[in-house]
Structure formats: structure tokens, C-alpha cells
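In terms of the numbering used here, the sequence shown opens at residue 27 and continues consecutively.
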Amino acid sequence: MPSSPLLLPPRARSRHRFAALAAATALGLTGLVALNAPAAHADAGPSATTVYTADSGSGTVTAINTATGAVVATVPVGTNPSGVAEDAARSHVYVANTGDGTVSVIDTATDTVTAVVPGFAHPFGLAVTPDGGRVYVTNESGNTVSVIDTATDTVSGGPITVGANPFRVTVSPDGADVYVSNSGSNSVSVISTASGAVTATVPVGPSPVVLRTNPAGTLLYVANQGGNSVSVIDTAADAVIGTIPVGSIPQGLAVSPDGSQLYVTDQGDNAVSVVSTATGAVTATITVGANPVAVAFDSTGAHAFVADYNDSAVSVVDTAAQSVTGTVSTGTHPYDLAPDGVLPPPVPVVASVSPDSGPPAGGTVVTVSGSHLAGAAISFGGRPATDVSCTATSCTATSPAGTAPDTVDVRATTPDGTSAVSGADHFSYSAADVGVTLTATAVPGLLVGKINYTLTVTNHGPSALTAAAFGSGTLRGAALSSSDCAVSGGVSGGSFQCTVAGVAVGASVTRHLTASFGTLTVGLPWSLTMSRTSSSPVDLVPSDNSATRTCTIVTTAIITC
């Protein structure tokens, strides 16, 4: 039997765990060993996701793509990470660093540590509430549970006193209750998330460690490491209603997605016991690696992943064949797996929206890019889009009507969930009423007369004017010039083209135009019309988009406007 810290009595484990970790045997695989890899791992389908291991001996977290079996990241964290948990949105992973009393927060988009929360007493187990708002952390040497507010990544409130040597923790599917295994007092504490108070203490078997609910949340299974058994708790009554004998030194357990099977890692047997939840009987035993300590199912239940502590690896189990089909190397001594119990199916992710603005009447065809989008419904600020067509990585959709100005989140929804809100999913309903005025000032001259024009562009809102262009059409009989607009052509036929950009609501900008006339231009009425030719965002009031000024040229010295 390889040496392991899990064989120590609960109180001794707290003192000697890390000396034992250093002395434990590591077989150390060197990558993915493909052993008839299952077909479900061939592509990134609905069950494709990531499993994370807390590598207690190397101070790292290993991220494994369950579709390919490849290690996609190794993230340095604190000292002796012993627990790991992922939020339901799969945006963050939380790591209990037992050796330095901290919790590391990992952003799964970048696989980097974005925060370190201090102030724990040998943190060991942790679990995230279904809404992602709180993380419950066991303080093994403090006999308490602390709560992290994920909005601020700080400890919220005082610690909650539980039993002796709290080991692992799990949250009920509805988020109402937290269950804590007290390995030193052979009990489970029940904490109300609403009040933060312990509402029940349930006696179980010797040295309870990992605990999980069934999918309905009606039953809680507790692995009793010192009793080679699993206690079954009725969560409505907070009472043990059965005990299931399993293998030697049960450590980890997980319930299949359909609730029909319970997988228990028997550390002393290097095996997994398969338990029928209907009968409470062990129906099969699967040989895995050395010192299996944690297990999780994928979202379909077709595969289970087992952390083999002394092999520094994860075994991949085909649950139909009830055999190991592959192994993946991790950091040294993986001690826990996330997500807890069942790997949830991947929720959609919206990474970009293009174009990201449109008129309030709707009708803008946008491309939504991201991942896990196949079959998704698209909404704009909660309003359903039309003409939606999606692949796994891209959707096209037509925006519904909205109000301007307004910026909304474009979200994708599948049976597996709804994309999280982010700055990348914004779409702005916008419109800008562009008002145009034109003034003319005559500048008579003996040989050359001029008319100076001022074009004023005013943004009447309701949105900021991003850009607009204005043109005159073809003008004859004058030489055209401008200090801030483009001029094309000559006396026989020319035009003005003006642009403006970045005009705030209520603000105005001006452009300056000049038409010059020679002695041959006499007795003529001369008109200039400037009109909006394009603008962004859309202009819903075209009636004020142009202006005309007409002047009479008697001679170059007599010009009236």
C-alpha cells in the first residue's frame, strides 16, 4: 500500500499531512496514455468541458480538456492545494491552499490567478453556491467554515462553527443548504445559506470525508473513510436512512447525472466501487491507479474521471464498459477534482457581436461569435431575436425592436444554460437626428466676388453621432475652396464633400465653404444646398438633413444673399 496522508487519524492528518505528501510515492506518468479512447472524446460535443485537479505536491492546478484528454493549462497556486471547486458559469475556479491559509481564484478564460483570498485556518474543502455568489471554505484546524463573497473576493462575515476537523463541503442543488463533513467528530453539519446558522448535526460513520447530494437534492451520500462505508442521509429529515458497505478507505464519491449510480474511490484497494442507488449494493469494482482520492462524472455520465494521488494522474473510466480507457498526467499528487461530482454541460459563451449597434426599430442582422452556440436562442436585453441560425461557434440573428439610446446584452440560451453577461456581448440601440443649417455671407470685389458659407451640423440625439457625411452635388460657375472640407472639380462643375465625427448630443460643429466668381459671372442667382449623405447611427428625422442658401450676383461688386 503506497504511503498516503489519508491513512492518518483526522487530527494527526492536520499536523502531518504535508510531511506525508513530501514522502508519498509518485509514479508520474508523462502525458496522455491512449487506451482505446472512447468515441465520445473524439470531438467537443455537449459533454466537452474541463476538469481541474488540485495538485497538492506541486502547488499547481492542472486543467484537462475532457474531449481530447489533453492538459490545456498548469496554473501555479499556493502551498499544498487540497481542494478545488468551479462555479456553475465555469468562469472561475477556487483553490484551497492548505499550506499557506489562502484561497486562489483562477479566471478560466485566461487560466491565471486573479485574486488570492487570505485568512483561513488550514482551508481544505470548498464549494460554490449555484448562483456563483458565495464560496464556502472549511477551516480544518479552526473547526469552522468561512464564506467568500465572489463579487469582492473577500471573506464575508465571521466564521461558522461546525464540528471537529471539517474536511469537505457541498451545496444542495437549490442552494439552500451547505453540508460539511466533520472528520474529527463523525458528523455532518447542515448550514442554512439564508441565515448562516447550523440547523442540524447528523451523526454518520467514522471519519467522514467527501459528501455529495443526488441530482434532486433529496439524498446526501457521505464517504466514511474510517468505516469502509457510505452513509445515506435523507435531507428532508436530516437523518441517516442507510449505510452502504464499500471497499477499503473510501475517500471520494460522485453521483451519476441520472442519479442511478454512485462511484466511490476505495483508496486502500486502488479501485472504484460502483453502487446502485436503487438497491444500495455494489454492482462492480473498477481497478484504477494508486490511491484514488476523488472522482467526477461528465455531463452525460458516459465517463468518469478519477484522481490517482500516488500516480500523479487522472484515470478516465468508460462507465458503460466499467474500465479505464486512458490516463492523463497531472501535477504531483492530485488531491481533489472540480467540478464536484458531475461535470456540467458547457453553457454558451458570447465572445463578440458584430455589428454592435443598430436602429431602435430593429432589423439589424448581427453575427454572434463564441462557443457552445449550436441550437441556441438569441436574445437582446431579454427580447428574442428572429431568423436565428447557429453553429457551434457562430450565430446570425436579426435584432428585435428596442429603444434608443440603450445598450443591452446579447445572450445565447441552450438547454445547458444561458451565456454569462460580459462586456463582449453589448449591442447598442442608437439613433442621432442630424440637423443641418447653412449661412451665407457676401464678399463683393472689383474683379472677384465671393460668398462664404458656414455649414452647421447639430446632433439632436438621442444618441451620440459617430460620423456623418454631407455633399453639395455638382455646382457650376464658381471656383470652390474650403479649409475643412474636400473640394472636387472646377468652375465647369465641382462639389463640396464634408465630414464630421464624434458629436455629442446637443453639440454642434461647423465647416467653412467658399465660392468665388469672376467678372463674367453676372446677373445670376446662385444656390448652394448641403445635404446629409450618410450618418451613424441611423437618422430617424430626415426632414432637417439639408439646407439651401440662394444669393444673387449682379456683378462681382454687387452680391446679395
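Each residue gets a CB set at the ideal place from its N, CA and C atoms; glycine is no exception.
Closest Cα partner of residue i within the set the options
i: valine 290; options: Val224, Gly273 and Leu473; result: Gly273
i: glycine 499; options: Pro441, Asp510 and Arg558; result: Arg558
i: valine 266; options: Val214, Asp334 and Ser521; result: Val214
i: alanine 504; options: Leu554, Val526, Ala493 and Leu472; result: Leu554
i: alanine 495; options: Phe522, Leu473 and Pro488; result: Phe522
i: serine 221; options: Pro229, Gly528, Gly201 and Gly231; result: Gly201
i: alanine 115; options: Asp442, Gly210, Gly294 and Ser420; result: Asp442
i: valine 195; options: Cys416, Gly109 and Val531; result: Gly109
i: proline 199; options: Ala122, Gly231 and Val281; result: Val281
i: glycine 520; options: Gly528, Ala263, Val119 and Cys511; result: Cys511
i: valine 142; options: Gly127, Ala262 and Gly516; result: Gly127
i: threonine 134; options: Thr94, Val77 and Val163; result: Val77
i: glycine 306; options: Val258, Ser572 and Ser542; result: Val258
i: isoleucine 90; options: Pro385, Ala99 and Ala147; result: Ala99
i: alanine 177; options: Ser117, Gly151, Val206 and Val224; result: Ser117
i: threonine 207; options: Thr239, Ala541 and Asp113; result: Looking at the sequence shown, residue 207 is not threonine but serine. Nearest C-alpha to serine 207: Thr239.
i: serine 509; options: Cys524, Leu501 and Val462; result: Cys524
i: glycine 183; options: Phe193, Gly189, Val163 and Ala190; result: Val163
i: aspartate 565; options: Val513, Ser542, Leu473 and Pro488; result: Pro488
i: serine 84; options: Val392, Gly449, Val436 and Ser338; result: Ser338
i: threonine 244; options: Thr261, Gly231 and Asp382; result: Thr261
i: alanine 96; options: Ala446, Ser355 and Gly253; result: Ser355
i: proline 271; options: Leu246, Asp264, Val308 and Tyr247; result: Val308
DSSP three-state assignment for residue i, whether helix, strand or coil
i: glycine 54; result: With a pLDDT of 31 at glycine 54, under the threshold of 50, the predicted position of this residue should be treated as unreliable, and no value is reported.
i: aspartate 451; result: helix
i: aspartate 133; result: strand
i: serine 2; result: In the structure as shown, the chain starts at 27 and stops at 587, and residue 2 therefore has no counterpart that could be examined.
i: glutamine 293; result: helix
i: aspartate 413; result: strand
i: serine 569; result: helix
i: valine 103; result: coil
i: alanine 438; result: strand
i: cysteine 577; result: strand
i: histidine 148; result: coil
i: glycine 85; result: coil
i: leucine 472; result: coil
i: glutamine 348; result: coil
i: alanine 202; result: coil
i: arginine 160; result: strand
i: leucine 554; result: strand
i: valine 230; result: coil
i: glutamine 251; result: coil
i: leucine 399; result: coil
i: glycine 516; result: strand
i: valine 597; result: Coverage of the chain is limited to positions 27 through 587, which leaves residue 597 absent and any answer about it impossible.
Proximal residues to residue i (C-beta, below 6 Å), its chain only, five neighbours per side dropped
i: valine 197; result: Ala153, Thr155 and Val204
i: cysteine 587; result: Ala466, Ala468 and Cys577
i: proline 241; result: Gly285
i: glycine 384; result: Thr390 and Ser425
i: aspartate 362; result: Ala80, Gly109, Val110 and Ala320
Sequence-distant residues of the same chain with beta carbon closer than 8 Å to residue i, five excluded per side
i: alanine 45; result: Low confidence applies here, because alanine 45 scores a pLDDT of 33, under 50, leaving its location unreliable and the question unanswered by this model.
i: threonine 465; result: Tyr479, Thr480, Thr482 and Arg575
i: proline 318; result: Gln277, Gly278, Thr291, Asp292, Gln293, Asn296, Ala297, Val298, Val332, Ala333, Asp334, Tyr335 and Ser341
i: leucine 472; result: Thr582 and Ala583
Unbroken beta strand (DSSP E) run spanning residue i, endpoints
i: histidine 538; result: 534-543
i: glycine 268; result: 265-271
i: glutamine 523; result: 519-529
i: alanine 423; result: 420-424
i: asparagine 123; result: 118-123
i: tyrosine 479; result: 475-488
i: proline 234; result: 234-239
i: valine 373; result: First-last for valine 373: undefined, no H or E at that position.
i: valine 332; result: 329-334
i: threonine 582; result: Run containing threonine 582: none; DSSP gives neither H nor E here.
i: glutamine 277; result: 276-281
i: glycine 408; result: Unbroken run through glycine 408: none, as it is neither H nor E.
7 Å Cβ shell around residue i - same chain, five flanking residues per side excluded
i: proline 185; result: Asn165, Gly168, Thr170, Val171 and Ser172
i: threonine 536; result: Thr480, Leu481 and Thr482
i: glycine 327; result: Ser282, Pro283, Asp284 and Thr345
i: leucine 550; result: Gly503 and Ile579
i: threonine 463; result: Thr482 and Ala573
i: glutamine 287; result: Val300, Val301, Ser302 and Thr303
Test: residue i CB closer than 7 Å to a CB of chain B
i: proline 144; result: Going by chain labels, chain B is absent from the structure shown, which holds only one protein chain.
Do the segment 235-252 and the segment 271-286 meet, that is, are 3 or more Cβ pairs less than 8 Å apart?
-> Touching, yes, given that three or more Cβ pairs across the two stretches are closer than 8 Å.
Just checking, does the segment 427-439 make contact with the segment 453-468 on the three C-beta pairs under 8 Å criterion?
-> By the Cβ rule, the segment 427-439 counts as touching the segment 453-468, because three or more pairs are nearer than 8 Å.
Using 8 Å as the Cβ pair cut-off and three pairs as the minimum, do the segment 391-399 and the segment 323-341 touch?
-> Taking 8 Å as the limit for Cβ pairs, the verdict is that the segment 323-341 does not touch the segment 391-399.
Looking at C-beta atoms only, is the number of pairs between the segment 91-104 and the segment 120-128 that lie closer than 8 Å three or more?
-> Taking 8 Å as the limit for Cβ pairs, the verdict is that the segment 120-128 does touch the segment 91-104.
Would you say the segment 373-384 touches the segment 341-357, given that touching needs at least three Cβ pairs under 8 Å?
-> At 8 Å Cβ cutoff, the stretches do not touch.
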